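With numbering that gives the first Met the number 0, letter number 137 in the sequence shown gets 136, and the count goes up by one each step, no holes.
Think of the CB as a built atom: it goes at the ideal place given N, C-alpha and C, for glycine as much as any other residue.
Quick caveat: nothing in here was measured; it's all calculated off a predicted structure.
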Amino acid sequence: MMKQDKLVAALRLYGASHVQLTRAFADSLGLHSTDAAALSEIIYGEDRGSPTSPAELASKLAISKPALSACINRLEEAGHIIRCRESSDRRVIALRCSPSIYQHVDKFFSPVSARMSKVVEDNHNGSCQLTAPLLHSIR
0 MMKQDKLVAA LRLYGASHVQ LTRAFADSLG LHSTDAAALS EIIYGEDRGS PTSPAELASK
60 LAISKPALSA CINRLEEAGH IIRCRESSDR RVIALRCSPS IYQHVDKFFS PVSARMSKVV
120 EDNHNGSCQL TAPLLHSIR
């Protein structure tokens, strides 16, 4: 097997693992996997210091506006997210996580985060500097 084939196979396995993790996260909250994926994107936005807009979320999830609206409504009704107006333009909405969701998120993702941090630490030979740009270009 060529090096590129091994890399593609590893990326597919990682992608499948990510899907399984999202489904397990969804199950742990009693959510549909699309809702869990939306919640994850909103969490990632907050982690980056940039709240997610509904338009950004629709683009990342590749779902229609009506499906997105229903998803946001379900997450808000469940108490997982809050719609915020943080701009002087009242039409602009930011999606933020409710404070109560973080305890569940931390409990669920802490083992995964610890494992990923260990893998990154163990690969200090510069492979991370090569891998990160590759992964960004694949997205």
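Which residues DSSP lists as bridging residue i, in chain order
| i | result |
| --- | --- |
| arginine 82 | Leu94 |
| threonine 51 | Leu94 |
Residue burial classification, residue i (beta-carbon count within 10 angstroms, cutoff 16)
| i | result |
| --- | --- |
| aspartate 26 | exposed |
| leucine 134 | exposed |
| leucine 10 | exposed |
| serine 49 | exposed |
Coarse secondary structure for residue i, derived from DSSP in three states
| i | result |
| --- | --- |
| arginine 89 | coil |
| serine 63 | coil |
| glycine 29 | coil |
| asparagine 122 | coil |
| methionine 115 | helix |
| alanine 77 | coil |
Checklist entry - Is the segment 107–119 in contact with the segment 80–90, if contact means three or more CB pairs nearer than 8 Å? => result no
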